[in-house]
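Here the sequence shown stands for residues -18 to 72, where the numbers follow our numbering. The C-beta atom is built at its ideal place from N, Cα and C for all residues, glycine as well. Small disclaimer: the values here were computed from a predicted structure and weren't measured. Here is the structure we will look at.
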Amino acid sequence: MTGLIPLVGPIPGGPELLIILLVLVLLFGANKIPKLARSTGQAMGEFRKGREEVEDELQGMQDDEIPEGSAESSTESTETAEPATEEESAA
-18 MTGLIPLVGP IPGGPELLII LLVLVLLFGA NKIPKLARST GQAMGEFRKG
32 REEVEDELQG MQDDEIPEGS AESSTESTET AEPATEEESA A
């Protein structure tokens, strides 16, 4: 486990988060931070909604493929069935 290189560095702790918050306040001002957070939340919601739509569409495509495969296997089983004898077809 020690040989693995993390893709992302360590998660910042308390002091680091306070410094990041201070920098954000200095850059954007105290009035714009709630607007920025709101727009970020809306963007995340739109992204989640789009992802769910794509997942539903992919699931629907997979569901459509499954009955086709089972129908092919059922036609194959009827084709391999024994033909009726002359006595059965005459009756």
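query: Where Pro15 falls: helix, strand or coil (DSSP); result: helix
query: Where Gly(-5) falls: helix, strand or coil (DSSP); result: helix
query: Simplified DSSP state of Val4, which is helix, strand or coil; result: helix
query: Length-filtered (3 minimum) beta strand (DSSP E) runs lying within the segment 17 to 42; result: none
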